[in-house]
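In the UniProt record's numbering, the protein residues as written are 1 to 430. Backbone N, C-alpha and C define an ideal beta-carbon position, used for all residues, glycine too. Before any comments, here is the structure.
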Amino acid sequence: MTDRQRQLLWFGLTVVLLALIAAGWFYFLEKRTIAVPHHSTEAMRNDFLAASRWLQQRDYVVHSHDNLTAAMRDTLPGGALLFAQGTGMMTGDTAEHILDWVADGNVMIMVPQYVAYSESTDEEERDQDEVNQLVETDPIGDYLGVYLGDRRQTEREEQDEAESDAEASEQDEEEIEEPENTFRPILPRSEALAASDSIQFTALSYPLLIAKQHWRHLDFQDEYQAPILHDAKGDVIRVYREGRGYIVVLATMSFTNATLRDRDHGELLWQLLQLNPDRKQLTIIQRVEMPNWYQALWQQFHLALIAAAITLLLIIWLSLRRFGPLLAEPGDERRAQMEHVMASARWLWRLPAGRQRLLDAARTETMQQLKRRLPELQRLADGEKLQRLHRETTISLDHLQQALFEPAANQPRRFTAQLQTLQKLRSHYE
Numbered sequence: 001m002t003d004r005q006r007q008l009l010w011f012g013l014t015v016v017l018l019a020l021i022a023a024g025w026f027y028f029l030e031k032r033t034i035a036v037p038h039h040s041t042e043a044m045r046n047d048f049l050a051a052s053r054w055l056q057q058r059d060y061v062v063h064s065h066d067n068l069t070a071a072m073r074d075t076l077p078g079g080a081l082l083f084a085q086g087t088g089m090m091t092g093d094t095a096e097h098i099l100d101w102v103a104d105g106n107v108m109i110m111v112p113q114y115v116a117y118s119e120s121t122d123e124e125e126r127d128q129d130e131v132n133q134l135v136e137t138d139p140i141g142d143y144l145g146v147y148l149g150d151r152r153q154t155e156r157e158e159q160d161e162a163e164s165d166a167e168a169s170e171q172d173e174e175e176i177e178e179p180e181n182t183f184r185p186i187l188p189r190s191e192a193l194a195a196s197d198s199i200q201f202t203a204l205s206y207p208l209l210i211a212k213q214h215w216r217h218l219d220f221q222d223e224y225q226a227p228i229l230h231d232a233k234g235d236v237i238r239v240y241r242e243g244r245g246y247i248v249v250l251a252t253m254s255f256t257n258a259t260l261r262d263r264d265h266g267e268l269l270w271q272l273l274q275l276n277p278d279r280k281q282l283t284i285i286q287r288v289e290m291p292n293w294y295q296a297l298w299q300q301f302h303l304a305l306i307a308a309a310i311t312l313l314l315i316i317w318l319s320l321r322r323f324g325p326l327l328a329e330p331g332d333e334r335r336a337q338m339e340h341v342m343a344s345a346r347w348l349w350r351l352p353a354g355r356q357r358l359l360d361a362a363r364t365e366t367m368q369q370l371k372r373r374l375p376e377l378q379r380l381a382d383g384e385k386l387q388r389l390h391r392e393t394t395i396s397l398d399h400l401q402q403a404l405f406e407p408a409a410n411q412p413r414r415f416t417a418q419l420q421t422l423q424k425l426r427s428h429y430e
């Protein structure tokens, strides 16, 4: 190698090294603008914010509730009802109420309950275990005969069935009869992993694509209700008729903030809502959960609980008053005087003119005191007397009129008020 070639080689290596240093400097040390996905606080709280805003732009009224119990405190508005997280843990009475609401011409969109695979080796027992689990957790899914299954388990069942068929065919050439109460076969693995499926609405001239997510699929029993509309394989979306309304069953919720823009999910939601185009309202239930016993007790009997609490407080208050500090026992003479006064008052109250005698006695004593304190009052007319006393004592004219000039009242409350007014006059001019 000549000196010139050696110099060119070193020069090239130096240029490459400097280029690498410069690239590393700009990549690791210089500031760069990087796009970072951002989710607003409202979007994180509401997983259906995008669908809600989009429908509101199309003149829909969207209601959102944290749970089904809060939504059913009042009458559900007509339109559509969307369950965000399935219909699990719903009571039978609640399911019947919702089905009646759907039959009135409304639309319900739901994801059924997932049924775990039974470990029983007997096929009929395993199927019955799955159905029993469905009944306990998802009454609407049980009513339709539909639930969520696992594609991987289905593939294992198909593989086991194929192996057993091959062994049986080797031993016996006769045709093997298929069991009666078995679930329908689902897609093989190659097709189950496909990215999307399609559904055709009569109002559209083209099919709508629906994304398949995870391993979940819809499974159902043959003897249950048949859908009026479904996707190509019937394992992603199924639409059932219920009275004048519709029940839409999805394998996965395709209308969240993350999935609404996938495939044709937005148009699919619109077409489902157009099953009932006259009622432009959508109610979203974020969670279907049974309330705690104390929450259910408060929601159903809060007025009775408040009344019971007030009653308990009154009982405690009366008990505290009863067991409070005791007054000293009065002497025999004072007790005799008090009993004599109370007996005389009761006797006078029962007499036809007894109340008037009591009131006249109090009036006489009061007028004598006023005569000593305000002698000029005797020269005034009754109306002027009332005005003068009203200005000096701030007692209302009606009370003064009743106490000084009107006859004794028949009601204990009014009679006591007359005596109290006279007592106030005496106390003021003492």
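Sorting Leu81, Trp101, Pro77 and Glu96 by C-alpha distance to the C-alpha of Asp142 places Glu96 at the top. Scanning its chain for C-beta atoms nearer than 6 Å, with the 5 sequence neighbours on each side dropped, one finds around Thr393 the residues His428, in chain order. Under the 10 Å beta carbon count, Ser319 is surrounded by fewer than 16 other beta carbons and is classified as exposed. Counting only runs that start and end inside the region 309-355, the alpha helix (DSSP H) elements of at least 4 residues fall at 332-350.
Leu370 and Gln418 have their C-alpha atoms some 17 Å from each other. Annotation: the continuous beta strand (DSSP E) that includes Glu242 extends over Ile237 to Glu242. Note on Trp347: under 16 other CB atoms within 10 angstroms of its CB, so exposed under the neighbour-count rule. By a beta-carbon distance limit of 8 Å, Val288 contacts Met90. Their separation comes to about 6 Å.
Separation of Pro207 and Ile199 (C-alpha to C-alpha, rounded to the nearest whole angstrom) is 5 Å. DSSP places Gln286 within a strand segment (E or B) once states are collapsed to three.
Contact annotation: His265 and Thr259 have beta-carbon atoms nearer than 7 Å.
In this structure, Pro139 and Gly78 do not form a Cβ contact; the two beta carbons are roughly 22 Å apart against a cut-off of 8 Å. Between Gln300 and the set His39, Ile237, Ala70 and Glu365, the nearest pair of CA atoms involves Ala70. Counting along the chain, the unbroken alpha helix (DSSP H) around Leu9 starts and ends at Asp3 to Phe28. Between Ile210 and Asp197 a beta carbon distance of about 5 Å is seen, short of the 8 Å cut, so the two are scored as contacting. The C-beta separation of Arg216 from Leu148 comes to about 5 Å, placing the pair in contact by the 8 Å criterion. The three-state reading of DSSP puts Arg261 in coil, since its state is none of H, G, I, E or B. Around the CB of Arg6, fewer than 16 other CB atoms lie within 10 Å, so the residue is classed as exposed.
Rounded to the nearest whole angstrom, the CA to CA distance from Ala23 to Glu30 is 10 Å.
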